[in-house]
Amino acid sequence: MIRFADAGGGTRLYQLKITLRYSKPPVWRRVVVQADMPLDRLHDVIQIAMGWTNSHLHQYVLGRAFYGVPDRESDSFGPETLNEKGYTVADLAPVPKKKFMYEYDFGDSWEHEILVEKALPPDAAFKHPVCLAGANACPPEDCGGIPGYYEFLAAMADPQHEHHEEMQEWIGSDWDANRFDLEETNARLKRLKG
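406 is the number of the first residue of the sequence shown in the numbering used here; add one for each residue after it.
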């Protein structure tokens, strides 16, 4: 496994851009994490930064390799899932400009492209992941993936839509597709270490 350490023993930081694939307008977040953060901890960061509720299975995909929580039954029917706890962000993307994918909820199949925008020098003051920026609200859980999300948006935007009232009751009338609260996101990320 790759470890980035300077002479002072610090670990490099990675600036990541996480983008929900096929979302228009794009739903994205820019976060800073330690390069040696295990993938199971990155999962926590993605869940918080994007606004998901951690209610479904997930996996990372790099080429033909899958990283997640191994399941002996599932692995017997397809490719082996490597245990995400044994791999770091830098293992999947050892240098800037490398990308990998994070899939959340295998039914709705929310695919996130994770791009390492830059490697930053070690910083002794860095104690927890930080979100630098982002745009747009995360889609509601269980809305049917990107196609269902577009249908949901259409229903919410049109009071005459046959499902408008049903969707408004389901999600609440104060839901805003453009909402992203950086301060709230960072308050939640602050509870995570490294």
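From the three backbone atoms N, C-alpha and C, an ideal C-beta is built for every residue, glycine too.
Cα separation between residue i and residue j?
i	j	result
Pro-534	Glu-567	42 Å
Glu-546	Ser-460	8 Å
Asp-563	Tyr-492	46 Å
Gln-452	Gln-565	34 Å
Ile-576	Leu-537	27 Å
Gly-553	Pro-431	16 Å
Pro-475	Arg-417	28 Å
How far does the alpha helix (DSSP H) with residue i in it extend, from its first residue to its last?
i	result
Leu-525	No alpha helix (DSSP H) contains Leu-525, which is instead part of the beta strand (DSSP E) from 515-525.
Leu-631	The structure shown does not extend to residue 631, since the chain spans only 406 to 599, so no value can be given for it.
Gly-550	550-562
His-569	569-576
Glu-494	For clarity, residue 494 is Val in the given sequence; the question names Glu instead. Its alpha helix (DSSP H) spans residues 494-497.
Out of the options, state which residue places its alpha-carbon closest to the alpha-carbon of residue i.
i	options	result
Lys-434	Lys-422, Tyr-465, Leu-520, Tyr-427	Residue identity check: residue 434 is Arg in the sequence provided, not Lys. If we check each option's Cα against that of Arg-434, Lys-422 comes out closest.
Trp-580	Ile-451, Tyr-419, Ala-560, Glu-522	Ala-560
Met-455	Glu-489, Leu-558, Asn-541	Asn-541
Which first and last residues belong to the beta strand (DSSP E) in which residue i is found?
i	result
Arg-593	Run containing Arg-593: none in the beta strand (DSSP E); it sits in the alpha helix (DSSP H), 587-594.
Ala-542	Note, Ala-542: premise wrong, no beta strand (DSSP E); not H, not E.
Does the ligand FMN have even one heavy atom less than 8 Å from the beta-carbon of residue i?
i	result
Ala-524	As far as ligands go, the structure on display features none, and thus does not contain the ligand FMN.
Kindly give me the distance between the Cβ atoms of residue i and residue j, rounded to whole angstroms, as I take these residues to be in contact under 8 Å.
i	j	result
Glu-489	Tyr-472	5 Å
* Are the region 451-460 and the region 496-506 touching, with three or more C-beta to C-beta distances below 8 Å? -> A contact is defined here as three or more CB-CB pairs under 8 Å, and the region 451-460 fails this definition with respect to the region 496-506.
* To do: Flag this pair as touching only if the region 525-540 and the region 567-576 have three or more C-beta atom pairs under 8 Å; answer yes or no.
  => no
* Report yes or no: do three or more beta-carbon pairs, one from the region 465-475 and one from the region 485-499, lie closer than 8 Å? => yes
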